[in-house]
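Quick notes on the structure that follows.
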Amino acid sequence: MYRSAVTTGGDASKEIEYLMPVDTRMSYMVWLHFAEIDAGVRAPGQRVFDVMLAGRNVTRIDIFKQVGGFTAFKWTYIVENLTSSTMSVRLVPVVGRPILCGLENYAMVPLETRTVPHQGNGLKTFLPWDKLIGCSLRILRACFVFLNKMGRLSSPIFIITNQPTFAEPVALVLAAAAMKALKDSLKIPARMGWNGDPCAPRTWDAWEGVTCHPGNKGLVITQLDLASQGLKGFIADEISYLTDLVSLNLSSNSLTGSLPPGLGQPSLATLDLSSNQFTGSIPGTIGSSKLQTVLSGNKGLCGVPTLPACALFWEKGGLNKTGKIALGASFGLLLLVILIVVYIVCIRRGPYDYDFEFPQDLTSISAISAKRNRYQRAKSVMLAEMDAHNTDGFYTNGNGNTR
């Protein structure tokens with residue numbers, strides 16, 4: 067889209083104008099897509115133009131000032147209270163020539179089929195999936211109230227007309243989270259769309275490979291057919307949130323990893339994962355006799371009659387999931403035994419069970435007194451001998467020498 071763009075040619079004063087038929091009883095959301103693809107525009111103010119919708123000047127655009135060069139920039143505006151059956155979109159030059167890369171115009175209308183239950187106001191609407199994904203379930207109700215007060219509960223195409231109750235959107239939020247997780251984990255290419263509401267009319271929003279059908283809660287996702295799309299990711303655990311999924315076909319891709327435990331929803335009737343690179347054991351949830359499965363072409367899978375038996379603890383030169391669980395359990399049990407032994411030996415013993423005193427012969431008062439007495443007797447004998455020598459005419463000087 068952004069490799070070429072509509073400009074006014076050599077006439078810098080010429081404007082770009084589009085005329086579109088509209089219904090004056092309805093409101094419209096206009097999307098304008100821009101990108102500054104002229105290498106000569108290197109600073110803000112070199113290409114500036116006004117946007118006029120239905121004869122009203124609604125904004126002034128300077129693409130380089132907004133996002134710089136060679137970067138996509140989108141701008142949206144809701145046109146209301148139209149008086150003519152033809153709506154004009156005009157880009158009027160201010161500096162340089164105006165440029166336009168894409169134009170979309172969406173009518174905001176009540177829909178005959180809904181993705182949420184009827185809520186009592188006569189209108190059936192789509193909820194903005196991208197806004198709901200970021201709301202955790204615990205604070206979901208508060209999030210709805212806040213978004214409603216802030217005017218954020220309106221998607222680019224579908225307008226929410228009242229505040230939903232807490233119970234109704236839970237399944238919708240889980241399904242939205244599942245589709246967002248699958249889009250990321252399966253590495254869905256941009257050519258397949260996967261933006262907005264998966265159950266929106268196909269002429270409005272493309273979700274290639276996704277099929278919806280009416281259910282008790284409105285439109286629900288019943289089929290994912292992504293065979294031979296060149297996918298190279300893995301299956302996200304959140305796929306278990308698609309509780310109305312009947313058919314899943316991911317065959318002939320290059321998907322890896324293990325199969326999530328929640329893959330075999332009770333509603334699932336057919337599952338084709340053939341010709342991929344999945345590994346590990348088959349979850350027990352997809353072992354139902356009612357589920358038609360095709361798992362051939364995955365050399366790393368094991369655990370069903372048509373596939374090799376799973377190794378007990380070891381596979382591909384390392385521990386498998388069962389081995390890791392067993393090793394972790396063994397380590398935990400060993401640690402528990404050590405703690406119990408330490409508790410019995412160290413903690414359960416009384417404070418007087420330990421004796422760190424010196425031996426009795428070193429600390430006894432009587433032993434110390436006996437040693438002191440022996441020293442005094444030896445000293446007395448030595449002094450007596452010295453006195454005897456002095457009486458014989460010898461004396462000692464201060465250095466201990468006799469003369």
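Quick note on the working numbering: the sequence shown kicks off at 67 and runs consecutively. All C-beta atoms in this analysis are idealised placements derived from N, C-alpha and C, irrespective of residue type, glycine included.
Item to complete: Apply the 10 Å Cβ neighbour rule to Ala242 and answer buried if 16 or more other Cβ atoms are within range, or exposed otherwise.
Response: If you number the sequence shown from 1, residue 242 lands on position 176. Label assigned to Ala242: buried.
Discussion item. Measuring straight from C-alpha to C-alpha, what distance separates Gly363 and Lys140?
Written reply: The residue labelled residue 363 in the question sits at position 297 within the sequence shown. The residue labelled residue 140 in the question sits at position 74 within the sequence shown. The alpha-carbon of Gly363 is positioned some 44 Å away from that of Lys140.
Worksheet item: Measuring CB to CB, does Leu339 end up less than 8 Å from Val312?
Response: Mapped onto the sequence shown, residue 339 falls at position 273. Mapped onto the sequence shown, residue 312 falls at position 246. No, Cβ-Cβ distance for Leu339 and Val312 is not below 8 Å.
Fill in: For Ile287: DSSP bridge partner residues
If you number the sequence shown from 1, residue 287 lands on position 221. BP columns for Ile287 point to Cys278.
Discussion item. Alpha carbons only, please: which of Leu405, Leu285, Leu85 is nearest the one belonging to Asp263?
Written reply: Numbered from 1 along the sequence shown, position 197 holds the residue referred to as residue 263. Cα-wise, what sits closest to Asp263 is Leu285.
Discussion item. Nearest by alpha-carbon distance to Pro159: which of Lys131, Thr137, Lys80, Pro110 is it?
Written reply: Mapped onto the sequence shown, residue 159 falls at position 93. Relative to the Cα of Pro159, the nearest Cα in the group Lys131, Thr137, Lys80, Pro110 belongs to Lys80.
Worksheet item: Pick from Gly162, Arg126, Tyr172, Leu400: whose alpha carbon is nearest that of Val145?
Response: By 1-based counting over the sequence shown, the position of residue 145 is 79. The closest CA to that of Val145, considering only Gly162, Arg126, Tyr172, Leu400, is found on Tyr172.
Discussion item. If distances are taken between C-alpha atoms only, which option among Phe300, Asp104, Val107, Leu314 comes closest to Thr336?
Written reply: On the sequence shown, residue 336 is found 270 positions in, with the first residue counted as 1. Among Phe300, Asp104, Val107, Leu314, the Cα nearest to that of Thr336 belongs to Leu314.
Worksheet item: Hey, quick one: how far does the alpha helix (DSSP H) through Gln132 stretch, first residue to last?
Response: Counting from one through the sequence shown, the residue named residue 132 turns up at place 66. For Gln132, the uninterrupted alpha helix (DSSP H) run begins and ends at 129-133, by DSSP.
Worksheet item: Taking the C-alpha atoms as reference points, what is the distance between Tyr441 and Met448?
Response: Within the sequence shown, numbered from 1, the residue matching residue 441 stands at position 375. Within the sequence shown, numbered from 1, the residue matching residue 448 stands at position 382. Rounded to whole angstroms, Tyr441 to Met448 spans 11 Å at the Cα level.
Worksheet entry | Which residues DSSP lists as bridging Cys376, in chain order | Here residue 376 is taken as the residue at index 310 of the sequence shown, counted from 1. Beta-bridge pairing links Cys376 to no other residue.
Item to complete: Just tell me which of Ile287, Gln289, Asn319, Asn282 has its CA closest to the CA of Phe300.
Response: By one-based count along the sequence shown, residue 300 stands at place 234. Phe300 has its Cα closest to that of Asn319, out of Ile287, Gln289, Asn319, Asn282.
Worksheet item: Out of curiosity, what's the CA-to-CA distance linking Thr137 and His99?
Response: Residue 137 sits at position 71 when you count from the first residue of the sequence shown. Residue 99 sits at position 33 when you count from the first residue of the sequence shown. Put simply, the backbone Cα of Thr137 is about 11 Å away from that of His99.
Worksheet item: So what does DSSP say about Met92, is it helix, strand or coil?
Response: Taking the sequence shown and counting its residues from 1, the one referred to as residue 92 is at position 26. Here Met92 sits in coil by DSSP.
Discussion item. Between the alpha carbons of Leu400 and Ile406, how many angstroms are there, rounded?
Written reply: Start at 1 with the first residue of the sequence shown, and residue 400 comes out as number 334. Start at 1 with the first residue of the sequence shown, and residue 406 comes out as number 340. In this model, Leu400 and Ile406 are separated by some 10 Å (Cα to Cα).
Discussion item. With a threshold of 6 Å on Cβ separation, who are the neighbours of Cys376 within its own chain once the five nearest residues in sequence on each side are excluded?
Written reply: Reading the sequence shown from its first residue, position 310 is the one you call residue 376. Ser347, Cys368, Gly369.
Fill in: Reduced DSSP secondary structure (H/G/I, E/B, other) of Leu311
Translated into the one-based positions of the sequence shown, residue 311 becomes position 245. Looking at Leu311 - three-state DSSP - the assignment turns out to be coil, as it is neither helix nor strand.
Worksheet item: Buried or exposed: where does Gln331 fall if 16 or more other Cβ atoms within 10 Å of its Cβ makes it buried?
Response: Stepping through the sequence shown from its first residue, residue 331 is reached at position 265. Gln331 should be labelled buried.
Discussion item. Using the three-state DSSP reduction, which class does Asp453 fall into: helix, strand or coil?
Written reply: Translated into the one-based positions of the sequence shown, residue 453 becomes position 387. Under the three-state reduction of DSSP, Asp453 is assigned to helix.
Fill in: Residues near Ser151 in its chain [Cβ-Cβ closer than 8 Å; skip 5 each side]
For the purposes of this step, residue 151 is taken as the residue at position 85 of the sequence shown. Within the same chain, Ser151 has close Cβ partners Pro87, Val88, Asp89, Thr90.
Worksheet item: Under 8 Å, do Ile103 and Leu157 count as touching if we go by C-beta distance?
Response: Here the question's residue 103 lines up with position 37 in the sequence shown. Here the question's residue 157 lines up with position 91 in the sequence shown. Cβ distance not < 8 Å, so Ile103 and Leu157 don't count as in contact.
Worksheet entry | Member of Gln295, Thr277, His279, Leu240 whose CA lies at the smallest distance from the CA of Met258 | Reading the sequence shown from its first residue, position 192 is the one you call residue 258. Of Gln295, Thr277, His279, Leu240, the smallest CA-CA separation from Met258 is found for Gln295.
Worksheet entry | Contacts around Leu252, its chain only, beta-carbon distance under 6 Å, and the 5 residues preceding and following it disregarded | By 1-based counting over the sequence shown, the position of residue 252 is 186. Close CB contacts of Leu252 within its chain, under the 6 Å cut and outside five residues either way in sequence, are with Leu297, Gly299 (chain order).
Worksheet entry | Three-state secondary structure assigned by DSSP to Ala302 | Here residue 302 corresponds to residue number 236 of the sequence shown, with the count starting at 1. It is coil, neither helix nor strand.
Item to complete: Could you spell out the range, first to last residue, of the beta strand (DSSP E) harbouring Ile144?
Response: As a position in the sequence shown, residue 144 is number 78, starting the count at 1. Unbroken beta strand (DSSP E) run through Ile144: 138-145.
Item to complete: Just the C-alpha distance for Cys412 and Val403, rounded to the nearest angstrom, thanks.
Response: Your numbering for residue 412 matches position 346 in the sequence shown. Your numbering for residue 403 matches position 337 in the sequence shown. The straight-line gap from Cα to Cα measures roughly 14 Å.
Worksheet item: How would you write the range of the beta strand (DSSP E) that Tyr172 sits in, first residue to last?
Response: Numbered from its first residue, the sequence shown carries residue 172 at position 106. Note, Tyr172: beta strand (DSSP E), 168-174.
Practice prompt. Specify the secondary structure class of Gly363 as computed by DSSP and reduced to three states.
Written response: Counting from 1 along the sequence shown, the entry for residue 363 is found at position 297. Three-state DSSP puts Gly363 in coil, outside helix and strand.
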